[in-house]
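Everything on this sheet refers to the single structure shown next.
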Ligand SMILES: [Zn+2]
C-alpha cells in the first residue's frame, strides 16, 4: 500500500479514467471510486505487474485479512 495525499489520489484517479475510459472500481464492494469521493478513505495499490487498484479502506481490510 502506498501512502498518498488526497490530491495525488485524485490525479491518479483522473489518469485511470482517461486511460481506461471508465472510473476505477473498488474490488471489494464493486462500487465506482470517483475523484470527488472522500479520498481519505480510498487506498491505492500498484501491483508488481503494474496493475493499479483503488479501493476503500474498509474493503481493503475485508479482502486482505
Ligand atoms: Zn469498496
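Residue numbers (this note's numbering): 29 to 93. Backbone N, C-alpha and C fix where the C-beta goes; we use that ideal spot for every residue, glycine too. Because the structure is a prediction, the values reported are computed rather than measured.
A residue is called buried when at least 16 other Cβ atoms come within 10 angstroms of its Cβ; residue 57 does not meet this threshold and is exposed. Looking at the backbone, the Cα of residue 82 and that of residue 88 are separated by about 9 Å.
The nearest non-hydrogen atom of ligand 1 is 7 Å or more from the C-beta of residue 66. Bridge partners of residue 80 according to DSSP: 74.
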